[in-house]
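Below is one structure, written out as structure tokens; comments come after it.
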Amino acid sequence: MHSWVTVLLATSAYATAVAQEQQVLVNPPSKTSTTSDVPDWFKTRPQSYQGNISRTQDYTPYYPRANGLGVDEYPHPPGSNITQMHMIHRHGSRYPTVYEGEDLQEWADNISNAISLGARFKKKLAFLNNWSYKLGAEMLVTRGRQELFDSGVLNFYNYGALFNNETKIVVRTTTQDRMLKSAENFLSGFFNLEWTEKANLLAMIEHFNFNTSLMAVYACPRSQDLFGNYSLLPLNEWKNNYLQHRTRKLRRLSHNYNWTVEDSYKAQQLCAYETVAVGYSPFCRLFHYKDWKGFAYASDILFTASSGFQSPVGRALGITWVEEFLARVQGLPFNPLGNTAANMTLNTNPITFPVNQSLYLDFAHDNILVSVLTAFGLKQFNKYLPPDGPPDGQEFHSGKIVPFAARLNIEIIWAPYKVKRHRSHDVNKDPYIRGTEDTYYVHFLLNQRTIPLHDSFKKCEYRSDGWCELSTFLRIQSRSLKKANFDLSCTGNWTLGNYRDVHDGVPPKSWY
């Protein structure tokens, strides 16, 4: 392990993993064979699979979006080059967090106690009569390690040419165990097992009273207010809607036990977590495709309320990384004209925050990735999500935006001439407007699919490839810090109102 990581870990007790990986035992399916009759629960694309589990919120193992975001994918025009790539990457598939695990363990204990008092479950629920909770906590599961290694391999094929062999690059993550392991597995795939010869891994302390763009909630006290009724009220309203029918069905299979909506929701969570841990869960058989669509929308509500455009701190939690991106892409020292969640000790040191790299690799959490999209102002994801069901034209799907190992790649592309707005897939057609000046473009890729920037910014002209001229994009983003209103959002004197009130990722004026 590189000395930077060693020093940071030695100076922080918070770097020790909260939980140890445990052996996970799940009741096997009733039939076994050498060819296996176990369903493949990892099939997560509803377009091609209508089985029991097709969407599992942000618990979904990584997959590239099956459909795009409104534009086609085009190759880079001949003669153009990617000059920089900026990436922010979610960790891989994991066990439940400590808080989730405590909640699920309590539910398992309630089931066990009910059985000891005479409760019995039958048919699809019969496995509960001998089931117990055995998941680990916090750490990457085997699939999560593979996801990050595979991502490193893919990103090397796409961007390996940007690496300068003469200089180590600085790669950033946090001290949380799954964040460290995600970065290490990615770098092993991108380079090789001797990646420490190519990169310095900077592990930033992830804990209260420590600033970092990669987990900005610890520098934003008011973000803690959102974990109560603000997000739980709309979530519970939706849970009581979509799980009502399935709960009645499961209650009939429960003798001397009053199966509730919350029981159904816990069973869906356990399906997701047991699946990523061992590849199969008997809980998955309890639900139909419609139930999983409801489960996915529940996650959409939680994310938009805590980190997205319907969160009063949505922009604030992501603005620090946006400001870091703006400094790096322009090769300027980090010096935002206002407060952020940045660790200024690290960000004002060119050794720990270089701005002359071609390749920038950061590892963060799902909520930060959502907030980064919000802070950039990508308004195609800002549609209000009512608690009574999904709206028409919904673009914000947490399972597609932040599955495990989700990643946002931002390419800076140089072209010798302006590239035509209307691109052709015909390789024989000239993509350039000859006689024009060389031009830089910015290209956003979310989970390997282009985000069309013209959908969010009028000043980015419509382009069939979704790109925007870099100079235009930088002018647009120069106002992002002011829009995020970090001080008001994170420490301001405002009264938390209704989930329905927020539409732009900041506290509405009616709250203060």
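Mature numbering (1 follows the signal peptide of the UniProt record, and there is no 0) puts the sequence shown at residues -19 to -1, 1 to 493. Virtual Cβ for every residue (Gly too), placed ideally from N, Cα, C. Here the structure is a predicted model, which means the values were calculated and not measured.
Buried or exposed by the 16-neighbour rule on C-beta atoms within 10 Å, applied to F178: Residue 178 is actually Glu in this sequence, not Phe. Answer is exposed; the Cβ neighbour count stays below 16.
Under 8 Å between C-beta atoms of Y422 and H67: At the C-beta level, Y422 and H67 stay beyond 8 Å of one another.
Residue of F284, N166, L106 and P371 minimising C-alpha distance to G133: When the alpha-carbon of G133 is set against those of F284, N166, L106 and P371, the nearest one is in N166.
Secondary structure of T64, DSSP reduced to three states: Assignment of T64 by DSSP, reduced to helix, strand and coil, places it in the strand class.
Beta-carbon proximity list for L469, same chain, < 8 Å, skipping 5 on both sides: Closer than 8 Å at Cβ, skipping near neighbours: W475, V487, P488 and Y493.
Touch test, the segment 263 to 282 against the segment 322 to 342, Cβ-Cβ under 8 Å, three pairs minimum: No, they do not touch.
Pairwise C-alpha distance: F276 and residue 496: Limits of the chain in this structure are -19 at one end and 493 at the other, which puts residue 496 out of reach.
Euclidean distance between Cα positions of N324 and L298: Their Cα atoms are separated by approximately 14 Å.
Nearest-angstrom Cβ-Cβ length linking C471 and P202, presumed shorter than 8 Å: At roughly 6 Å, the Cβ-Cβ gap stays under 8 Å, so C471 and P202 are in contact.
For Y341, the three-state DSSP class (helix, strand or coil): Reduced to three states, the DSSP call for Y341 is strand.
Below-8 Å beta-carbon distance, L298 vs any chain B residue: Judged by its chain identifiers, the structure shown contains no chain B, having just a single protein chain.
Beta carbon of A396 nearer than 8 Å to that of T420: Result yes, Cβ atoms of A396 and T420 sit closer than 8 Å.
The segment 75 to 89 in contact with the segment 250 to 259 per 3-pair CB rule at 8 Å: As far as the Cβ criterion goes, the segment 75 to 89 touches the segment 250 to 259, which means the pair count is three or higher.
Classification of H236 by the beta-carbon crowding that lies within 10 angstroms, buried from 16 upward: It is exposed - the Cβ of H236 has fewer than 16 other Cβ atoms within 10 Å.
L121 and T154 closer than 8 Å at C-beta: A distance of 8 Å or more separates the beta carbons of L121 and T154.
Per-residue burial, H406 [other beta carbons within 10 Å of its own, 16 or more giving buried]: Answer is exposed; the Cβ neighbour count stays below 16.
Beta-bridge partners of F306, as assigned by DSSP: Partner(s): none; F306 has no beta bridge.
Boundaries of the beta strand (DSSP E) in which Y422 is found, first to last residue: Element bounds for Y422: T420 to L427.
As assigned by DSSP and simplified to three states, the class of Y493: In the structure shown, Y493 sits in coil (DSSP, three-state: anything other than H, G, I, E or B).
Integer Cβ distance of R75 from R159, believed to fall under 8 Å: About 5 Å separates the two Cβ atoms, so the contact holds.
For H72 and L451, the rounded distance between their alpha carbons: The straight-line gap from Cα to Cα measures roughly 29 Å.
Same chain, Cβ closer than 6 Å to E218, neighbours up to 5 away in sequence not counted: Only P368 meet the Cβ criterion.
Coarse secondary structure for I393, derived from DSSP in three states: Note: I393 maps to strand in three-state DSSP.
Distance between E147 and S280 (C-alpha atoms, nearest Å): C-alpha separation (whole angstroms): 44 Å.
Alpha-carbon spacing of W302 relative to D373, whole angstroms: Rounded to the nearest whole angstrom, the CA to CA distance from W302 to D373 is 31 Å.
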